[in-house]
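Colleague: In this note's numbering, the protein residues as written are 7 to 175.
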C-alpha cells in the first residue's frame, strides 16, 4: 500500500465528480454537498490548469488510481498550510493520508525550502487530529470557529517546523 504524489492532470475531474456525489465525503472535506457535476468539473479543470504560485495541489495515487489529494496552500517564502483528503470512503483509515502527507512535507521542507507548515483541524475531526499528531505537528492555538457538518465548531491550529520533521523522519 504505497502511495505516490503527482501533478493533477486532465481526467482527474472525473474522480472529483465521484467524490462530490458522496455527501459524507463532502461534509468531511468541507465541500459543498450536492453540487452539479459540471460545477465540480469546472472547478477541478481550473485546478488542473494551475492555481497560482501560492497553492499546490497534488494527486494521491495508489496502484495507479487517483484516491485523493494533498495541498500546500497560502504558500509564502517560508511557510504553507497543509490540507489532505481521501476521496473514496472505502479508502479512509488505511494510512493513505499519512503517507501522502509525509511525502508532501518532505517536498515542502526539502526542495521548496519551507521552514514551517501549518494545518487547521475542526475540533470534532478526531481522525485528522491523530493524523497531525502522528506527523509530528503540535497544537499551536485556535482559529475562529467554522461551520463543520452543519455546526459551528472550534478550529485547532497545528504547526510543524522543518527541524522537527527532519529530526523525526
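Glycine included, every Cβ here is placed at the ideal spot set by N, Cα and C. Here the structure is a predicted model, which means the values were calculated and not measured.
Less than 8 Å separating the beta-carbons of residue 78 and residue 62?
Modeller: Closer than 8 Å, so yes.
Colleague: Does the beta-carbon of residue 132 have 16 or more other beta-carbons within 10 angstroms, so that it is buried, or is it exposed?
Modeller: exposed
Colleague: May I ask you to report which of helix, strand or coil DSSP gives residue 12?
Modeller: Strand.
Colleague: Write down every uninterrupted run of the alpha helix (DSSP H) in the region 95-127 whose length is 4 residues or greater and which is fully enclosed by it, in chain order.
Modeller: 102-115
Colleague: With DSSP as the reference, please indicate the residues paired to residue 167 in a beta bridge.
Modeller: 122
Colleague: Please classify residue 65 as buried or exposed, where buried requires at least 16 other C-beta atoms within 10 Å of its C-beta.
Modeller: buried
Colleague: Give the range of the alpha helix (DSSP H) segment to which residue 18 is assigned.
Modeller: First-last of the alpha helix (DSSP H) with residue 18: 18-26.
Colleague: Assuming residue 161 contacts residue 151 under a Cβ cut-off of 8 Å, what Cβ separation, rounded to an integer in Å, is found between them?
Modeller: Confirmed, about 7 Å.
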